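A.B. asks: Got a structure for you, questions after.
Numbering (the numbering used here), first residue to last: 89 to 369.
In structure tokens form, the structure reads like this:
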């Protein structure tokens, strides 16, 4: 049975289903270059939309540029789907992610994302990470200017602490926060709680990692009770953790995509949710 609160209004006016899709892994190995089978990647994205997923997260650094290009090729004119992208990281090679939060870099990044996605306005644009060498007000100032110019609809942040979120909210309206968070990694519990309190969407990246919990028999037993896999239970736990939670599991496999999507139909009992929560404390 699908949960009753399966949608969330980003920024109060952009309604999406809470289980989205992360478009990082449709690129080549190391999140670098084009995938081996470009047409298969586009078929995967088409299947994403067929399954009713209407919130897709990407970034200019995925590829770099590749993920945004593929999204455009497969999904334009983006009917019934909202695309979120990010800027503030650069790529020098596979698995290298240096930060660049300079306003001039972000201005170029926003304009280039608009060009690659072939849109006049980006639904949600996120600062990919704070740059320790650039004042936060300078980085967010570039996003605010782009928003005022109509280039982006909503502003989000990524890899932020609660203190940084509060600082950011003094400058712009922050509608989402994207941090690493999953059943096995609860470091950002305070951020989830803060977002829940303030009705800010929380987008957990790396949502499927269960870490050492994957070997815990209690997780296996709960999964069996729902005729599900542990990874599906991990997603169901996230969805129950907070009404502002917007998981974006990514994959390059249609089979895995369909498996992940089935997690939205799992309605964890309060008892099983508490058991899982205590396991990962």
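Note that the Cβ used here is the ideal one computed from N, Cα and C, for glycine as well. It should be emphasised that the depicted structure is a prediction, and the values quoted were computed from it without experimental measurement.
Are at least three pairs of beta-carbons, each pair with one atom in the stretch 267–279 and one in the stretch 214–233, less than 8 Å apart?
C.D. replies: Output reads no: the stretch 214–233 does not touch the stretch 267–279.
A.B. asks: Which residue marks the beginning of the alpha helix (DSSP H) containing residue 251, and which one marks its end?
C.D. replies: Your numbering for residue 251 matches position 163 in the chain shown. It spans 250–257 - the alpha helix (DSSP H) in which residue 251 sits, taken as one unbroken run.
A.B. asks: For a quick check, are the C-beta atoms of residue 175 and residue 211 less than 8 Å apart?
C.D. replies: Start at 1 with the first residue of the chain shown, and residue 175 comes out as number 87. Start at 1 with the first residue of the chain shown, and residue 211 comes out as number 123. No, Cβ-Cβ distance for residue 175 and residue 211 is not below 8 Å.
A.B. asks: By Cβ distance, which residues of its chain are closer than 8 Å to residue 111, with the 5 residues on each side in sequence left out?
C.D. replies: Here residue 111 is taken as the residue at index 23 of the chain shown, counted from 1. Contacts found: 133, 144, 145, 146, 150, 155, 158, 159, 338.
A.B. asks: Classify residue 173 as buried or exposed, calling it buried when 16 or more other Cβ atoms lie within 10 Å of its own Cβ.
C.D. replies: Here residue 173 corresponds to residue number 85 of the chain shown, with the count starting at 1. Counting Cβ neighbours within 10 Å, residue 173 comes out buried, since at least 16 surround it.
A.B. asks: If you run the structure through DSSP and keep just helix, strand and coil, what is residue 297?
C.D. replies: For the purposes of this step, residue 297 is identified with residue 209 of the chain shown, where counting begins at 1. If DSSP states are grouped into helix, strand and coil, residue 297 belongs with coil.
A.B. asks: For residue 188 versus residue 219, is the C-beta spacing smaller than 8 Å?
C.D. replies: In the chain shown, residue 188 corresponds to position 100, counting from 1. In the chain shown, residue 219 corresponds to position 131, counting from 1. In this structure, residue 219 lies closer than 8 Å to residue 188 by Cβ.
A.B. asks: For residue 211, report the span of its beta strand (DSSP E) as first-last.
C.D. replies: Numbered from its first residue, the chain shown carries residue 211 at position 123. From DSSP, the beta strand (DSSP E) with residue 211 extends over 210–215.
A.B. asks: Quick one, which of 325, 356, 162 has its alpha-carbon nearest residue 129's?
C.D. replies: If you number the chain shown from 1, residue 129 lands on position 41. Checked all of 325, 356, 162; the closest Cα to residue 129 is 162.
A.B. asks: Measuring CB atoms only, is the stretch 316–331 touching the stretch 299–308, in the sense that at least three cross pairs come out at less than 8 Å?
C.D. replies: At 8 Å Cβ cutoff, the stretches touch.
A.B. asks: What are the uninterrupted segments assigned as alpha helix (DSSP H) that are 4 or more residues long and contained completely in the stretch 94–157, given in chain order?
C.D. replies: Correct list: 126–138.
A.B. asks: For the alpha helix (DSSP H) holding residue 204, just list the boundary residues, first then last.
C.D. replies: Within the chain shown, residue 204 is the residue found at index 116, counting from 1. Segment 191–205, the alpha helix (DSSP H) holding residue 204.
A.B. asks: Helix, strand or coil for residue 363? Go by DSSP, reduced to three states.
C.D. replies: Here the question's residue 363 lines up with position 275 in the chain shown. Here residue 363 sits in helix by DSSP.
A.B. asks: Rounded to a whole number of angstroms, what is the C-alpha to C-alpha distance between residue 342 and residue 99?
C.D. replies: Here residue 342 corresponds to residue number 254 of the chain shown, with the count starting at 1. Here residue 99 corresponds to residue number 11 of the chain shown, with the count starting at 1. Answer to the nearest angstrom: the Cα atoms are 30 Å apart.
A.B. asks: Since I believe residue 310 is in contact with residue 282 (beta carbons under 8 Å), could you give me their beta-carbon distance rounded to a whole number of angstroms?
C.D. replies: Counting from one through the chain shown, the residue named residue 282 turns up at place 194. Counting from one through the chain shown, the residue named residue 310 turns up at place 222. At roughly 28 Å, the Cβ-Cβ gap does not stay under 8 Å, so residue 282 and residue 310 are not in contact.
A.B. asks: Just curious, the alpha helix (DSSP H) that residue 247 is in, first and last residue?
C.D. replies: Locating residue 247 in the chain shown gives position 159, counting from the first residue. Premise fails: residue 247 is in no alpha helix (DSSP H) and is neither H nor E.
A.B. asks: Nearest-angstrom Cα distance between residue 94 and residue 107?
C.D. replies: Looking up residue 94 in the chain shown gives position 6. Looking up residue 107 in the chain shown gives position 19. If I take the Cα positions, the gap works out to 8 Å.
A.B. asks: Going by alpha carbons, who is nearest to residue 204 out of 285, 177, 165?
C.D. replies: Counting from 1 along the chain shown, the entry for residue 204 is found at position 116. Of the listed residues, the one whose Cα sits closest to residue 204 is 165.
A.B. asks: Write down the C-beta distance between residue 295 and residue 336 rounded to the nearest angstrom, noting that I regard them as a contact closer than 8 Å.
C.D. replies: As a working note, residue 295 is residue 207 in the chain shown. As a working note, residue 336 is residue 248 in the chain shown. Residue 295 to residue 336, Cβ: 7 Å. Contact.
A.B. asks: Would residue 246 and residue 209 qualify as a contact pair, given that the criterion is a beta-carbon distance under 8 Å?
C.D. replies: The count along the chain shown starts at 1 and reaches residue 246 at position 158. The count along the chain shown starts at 1 and reaches residue 209 at position 121. The answer is no: Cβ separation not under 8 Å.
A.B. asks: Relative to the ligand NAP, is the shortest distance from any of its heavy atoms to the C-beta of residue 282 smaller than 7 Å?
C.D. replies: For the ligand NAP, the structure offers nothing, since it holds no ligand at all.
A.B. asks: Kindly give me the distance between the Cβ atoms of residue 332 and residue 290, rounded to whole angstroms, as I take these residues to be in contact under 8 Å.
C.D. replies: For this step, residue 332 is matched to residue 244 along the chain shown. For this step, residue 290 is matched to residue 202 along the chain shown. Rounded, the Cβ-Cβ distance is 5 Å, consistent with contact.
A.B. asks: Among 127, 141, 104, which residue has its Cα nearest to the Cα of residue 349?
C.D. replies: Stepping through the chain shown from its first residue, residue 349 is reached at position 261. The shortest C-alpha separation from residue 349 is found at 141.
A.B. asks: When the Cα of residue 202 is compared with those of 366, 191, 234, which residue comes out closest?
C.D. replies: Start at 1 with the first residue of the chain shown, and residue 202 comes out as number 114. Considering only alpha carbons, the answer is 234.
A.B. asks: On a Cα-Cα basis, can you pick out the residue from 260, 232, 127, 181 that is closest to residue 118?
C.D. replies: In the chain shown, counting from the first residue as 1, residue 118 sits at position 30. Answer by Cα proximity: 181.
A.B. asks: Assign residue 368 to one of two classes, buried (16 or more other C-beta atoms within 10 Å of its C-beta) or exposed (fewer than that).
C.D. replies: Mapped onto the chain shown, residue 368 falls at position 280. Flag for residue 368 reads buried.
A.B. asks: Ignoring anything shorter than 4 residues or poking outside the stretch 264–333, list the alpha helix (DSSP H) runs there in chain order.
C.D. replies: List check, alpha helix (DSSP H) in window: 277–286, 305–313, 318–329.
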